[in-house]
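Here the structure is laid out as structure tokens; the discussion comes afterwards.
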Amino acid sequence: MKLLYRLDIKLTLLGPILTRGSIGPPGIDAAVARDAAGQVMLPFSLVKGKVLDALKELFPTDPRIGQWLGSPSSEGSYDPDRGRLHFSDFATTQNGCAEDKVIERIELDDATGSTTERMLAMIESPFAYGEEVVFTGNVEFAADPREADTIRNMIEQALRWVPAFGAMRSVGFGRTKNVEVKLVKCVERCSGVPTNGERLRVRLKLDRPFCVGGRNHALNHFDSLRTLSGAVLKGACARLLLERCGRSGVAVDNSLPAPWDQMGSVFDVIRFSEARPANLDGPRPIEPPLSQVLGEKGGTRHDVALWSEPRLINGNAPAFDIDWKREDFERCRKDFHWPDVSTERRTRTAINEETGRAKDEQLFSYGLIRPGDLVWLGEIDLVEVPQQQRGEIRKRLQELLTFGLPGIGKTNATASIEWLPAEKMEPVQKRDNHVITLQTEALLTDPGTLTGPDQLEAAYREYWAEVSKKSLKLVRFFARQELRGGKFLGRSSASSKYEPFLVTSRGSVFVLERTGHGDPLEHLSYWREHGLPVANWVANRYSGSGPLWRRCPFLPHVGYGEVLIDHKCHFESLSNEAQK
Numbered sequence: 000m001k002l003l004y005r006l007d008i009k010l011t012l013l014g015p016i017l018t019r020g021s022i023g024p025p026g027i028d029a030a031v032a033r034d035a036a037g038q039v040m041l042p043f044s045l046v047k048g049k050v051l052d053a054l055k056e057l058f059p060t061d062p063r064i065g066q067w068l069g070s071p072s073s074e075g076s077y078d079p080d081r082g083r084l085h086f087s088d089f090a091t092t093q094n095g096c097a098e099d100k101v102i103e104r105i106e107l108d109d110a111t112g113s114t115t116e117r118m119l120a121m122i123e124s125p126f127a128y129g130e131e132v133v134f135t136g137n138v139e140f141a142a143d144p145r146e147a148d149t150i151r152n153m154i155e156q157a158l159r160w161v162p163a164f165g166a167m168r169s170v171g172f173g174r175t176k177n178v179e180v181k182l183v184k185c186v187e188r189c190s191g192v193p194t195n196g197e198r199l200r201v202r203l204k205l206d207r208p209f210c211v212g213g214r215n216h217a218l219n220h221f222d223s224l225r226t227l228s229g230a231v232l233k234g235a236c237a238r239l240l241l242e243r244c245g246r247s248g249v250a251v252d253n254s255l256p257a258p259w260d261q262m263g264s265v266f267d268v269i270r271f272s273e274a275r276p277a278n279l280d281g282p283r284p285i286e287p288p289l290s291q292v293l294g295e296k297g298g299t300r301h302d303v304a305l306w307s308e309p310r311l312i313n314g315n316a317p318a319f320d321i322d323w324k325r326e327d328f329e330r331c332r333k334d335f336h337w338p339d340v341s342t343e344r345r346t347r348t349a350i351n352e353e354t355g356r357a358k359d360e361q362l363f364s365y366g367l368i369r370p371g372d373l374v375w376l377g378e379i380d381l382v383e384v385p386q387q388q389r390g391e392i393r394k395r396l397q398e399l400l401t402f403g404l405p406g407i408g409k410t411n412a413t414a415s416i417e418w419l420p421a422e423k424m425e426p427v428q429k430r431d432n433h434v435i436t437l438q439t440e441a442l443l444t445d446p447g448t449l450t451g452p453d454q455l456e457a458a459y460r461e462y463w464a465e466v467s468k469k470s471l472k473l474v475r476f477f478a479r480q481e482l483r484g485g486k487f488l489g490r491s492s493a494s495s496k497y498e499p500f501l502v503t504s505r506g507s508v509f510v511l512e513r514t515g516h517g518d519p520l521e522h523l524s525y526w527r528e529h530g531l532p533v534a535n536w537v538a539n540r541y542s543g544s545g546p547l548w549r550r551c552p553f554l555p556h557v558g559y560g561e562v563l564i565d566h567k568c569h570f571e572s573l574s575n576e577a578q579k
């Protein structure tokens with residue numbers, strides 16, 4: 000088993016220093032990059048890129064460089080190799096001693112030698128010419144002792160080979176003065192112990208801004224999700240397990256060396272829930288139901304899931320969330336315990352190895368989530384792990400995550416782990432009608448049967464009848480559907496034809512009525528604790544060799560199909576005005 004090491008690095012640079020990518024104050028054309036604490040920083044991607052370029056120049060034929068720092072996808076492929084070395088941002092606590100904190104630069108006309116009109120640039124420069132500025136950061140990785148020493152030596156050589164960091168290097172900005180690299184073992188980032196139950200609750204604390212999944216405004220413009228999906232967490236856990244076992248590019252299965260072979264054999268059925276942001280010691284947020292409505296702008300919200308027929312509220316038609324304003328959304332999410340999240344934007348570009356300048360059409364902008372004092376709450380579910388193996392799996396999970404969970408998102412953030420006590424849940428109460436709210440997306444309806452809008456309700460009826468063994472039937476629903484995976488499938492499919500996944504959106508509400516055929520409480524309790532089961536049509540439609548998750552990602556084992564059952568908001572008394 001490989002150990003986890005950390006390189007503590009001190010970079011001493013000479014001012015002035017400019018690392019662009021942040022939004023500056025009015026009047027500043029080029030502002031220095033700063034972290035959440037306001038400290039001037041060198042983004043991790045800048046340092047990593049410089050180290051990669053230097054190693055390629057120093058050791059052009061060494062195959063280990065690609066293993067350590069990653070390599071781009073080959074022609075026609077969209078699967079780059081992620082490196083084993085995780086770089087942090089490099090920040091300085093120095094404020095600088097420059098007097099005016101601004102440098103002016105202007106372009107000269109080649110023909111006349113005079114200044115060019117409208118080409119004056121105001122550059123933020125907190126550090127004076129020749130001022131020594133110390134930046135500190137780290138690099139973490141899994142290795143045996145001999146390889147760790149080799150990595151330390153080569154990283155130090157690479158950093159010393161880099162003449163300068165940041166922008167405007169050709170005019171003397173960011174020159175390298177000194178490099179110090181110290182190899183130490185990683186410190187523990189885990190507290191508590193896993194409980195003895197099936198569901199292991201965890202609280203995650205991230206060490207840096209992160210960017211996962213999210214919305215693409217354009218091909219090169221990304222915004223991170225606020226949540227950490229089960230797929231992100233399970234993927235990071237699988238990657239860590241393989242790195243610790245000295246494996247790469249293979250599946251997590253029983254071929255792993257002892258004592259990890261047992262965990263490898265059941266890893267596919269371990270369920271990782273979505274981790275959601277919360278205030279310290281605060282509750283895990285709830286996805287607001289789509290049955291929430293407003294009777295008037297800025298007025299009281301009502302829930303119409305159990306309304307037997309449409310009605311007016313204070314003489315107004317109910318407004319669903321599709322017609323809400325931003326302040327309505329914010330107030331609703333706050334009521335369901337979603338905290339305010341701070342964000343930042345970073346812009347980066349790929350570098351042409353031959354010219355050392357930015358590559359054409361390789362500019363990327365990332366919207367990152369700043370963790371601040373927030374934590375992320377989730378759980379690891381062992382319900383499908385054989386009973387006799389659960390003790391061993393709990394032990395291995397605790398050992399694997401002793402030093403935290405690295406490699407989260409595009410910034411390779413590391414999450415410290417806190418194992419929480421088991422949560423006591425009240426049993427599902429017997430009712431005539433039960434209200435189910437999706438907390439994550441779910442694959443419920445077979446798109447092959449949806450030839451028209453009338454078939455949607457029938458498809459939902461069929462799903463609930465199947466998974467409840469006909470003990471429940473659909474009364475009404477408030478649901479939204481969306482297509483997922485088209486972009487990925489379109490570029491990775493061998494043919495020009497591909498089929499995106501039709502999922503039911505989070506927040507969708509289903510009102511189910513008892514049929515009298517059996518007791519549904521057992522099904523409802525299982526769904527609440529472990530997520531909705533996969534419909535029979537899924538395995539048939541996405542059949543093939545190997546595990547199902549390779550062809551269909553929307554499965555309970557990565558957090559999809561999480562539900563909330565009979566939340567109090569559905570049963571609270573309506574206001575007198577709403578009942579009129």
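Under numbering that gives the first Met the number 0, the residues of the sequence shown are numbered 0 to 579, in order.
Beta carbons are placed, not taken as given, at the ideal position from N, Cα and C, and that holds for glycine.
Whole-angstrom distance between residue j and residue i, CA atom to CA atom
i, j, result
"M0", "E139", "16 Å"
"I105", "G403", "48 Å"
"H516", "E498", "37 Å"
"I191", "Q397", "Checking the displayed sequence, the identity of residue 191 turns out to be Gly instead of Ile. About 9 Å."
"K181", "M153", "12 Å"
"L367", "T346", "11 Å"
"K579", "P309", "Confidence at K579 is low in this model, with a pLDDT of 45, below 50, so the placement of that residue is unreliable and no value is reported for it."
"L573", "R300", "Confidence at L573 is low in this model, with a pLDDT of 44, below 50, so the placement of that residue should be treated as unreliable; the coordinate-derived value is given next. So the two alpha carbons sit approximately 10 Å from each other."
"I16", "T175", "11 Å"
"D322", "A421", "39 Å"
"R344", "V178", "29 Å"
"R225", "F570", "29 Å"
First and last residue of the uninterrupted beta strand (DSSP E) at residue i
i, result
"F134", "131-142"
"E521", "That residue, E521, is in no beta strand (DSSP E); its alpha helix (DSSP H) goes 520-529."
"W375", "374-380"
"T428", "Here the sequence assigns Gln to residue 428, which means Thr is not the residue at that position. Where Q428 is concerned, there is no enclosing beta strand (DSSP E), given that its DSSP letter is neither H nor E."
"G406", "404-407"
"N411", "First-last for N411: undefined, no H or E at that position."
"L119", "114-123"
"L396", "No beta strand (DSSP E) holds L396; the alpha helix (DSSP H) holding it covers 389-399."
Neighbourhood of residue i by C-beta distance below 6 Å, restricted to the same chain and skipping five residues each side
i, result
"S290", "D302, V303, A304, F477, V508"
"R550", "Y541, G543"
"L3", "A141, C185, F402"
"F363", "N219, R347"
"R243", "M0, K1, A141"
"S70", "D80"
"W548", "L554"
Enclosing alpha helix (DSSP H) for residue i [first to last residue]
i, result
"A457", "454-466"
"F328", "325-334"
"A237", "229-243"
Beta-bridge partners of residue i, as assigned by DSSP
i, result
"L418", "Residue identity check: residue 418 is Trp in the sequence provided, not Leu. In DSSP, W418 forms a bridge with V201."
"S582", "Here the chain covers residues 0 to 579 and nothing more, so residue 582 does not appear."
"D320", "According to DSSP, D320 bridges with nothing at all."
"F363", "R347"
"D252", "Answer is none; D252 lacks a bridge partner."
"H85", "E139"
"E103", "M121"
"H301", "V292"
"I435", "F509, I564"
"A357", "I350"
"Q386", "Q386 pairs with nothing; no bridge assigned."
Neighbourhood of residue i by C-beta distance below 8 Å, restricted to the same chain and skipping five residues each side
i, result
"C189", "Q397, L400, T401, F402, G403, S415, I416, E417, W418"
"A36", "A90"
"S341", "A35, I368, R369, G371"
"S254", "D260, G263"
"A458", "L443, T444, D445, T448, L449"
"K567", "none"
"L199", "P193, E378, I379, D380, L381, R393, L396, W418"
Contact set for residue i: own chain, Cβ-Cβ below 7 Å, skip 5 residues either direction
i, result
"K429", "L520"
"V374", "R202, L203, K204, A277, L279"
"Q156", "L57"
"V46", "F86, F89, G136"
"G406", "H85, A235, R238, L239"
"V384", "V265, V268, I269, I392"
"V251", "A237, L240, L241, G263, F266"
"S44", "R347"
Proximity test, Cβ basis, 8 Å: residue i and chain B
i, result
"T299", "Here chain B cannot be found, since the structure has a single protein chain."
With three or more C-beta pairs closer than 8 Å as the rule, is the region 559-574 touching the region 420-437? With a cut-off of 8 Å on Cβ pairs, the region 420-437 is in contact with the region 559-574, counting three or more such pairs.
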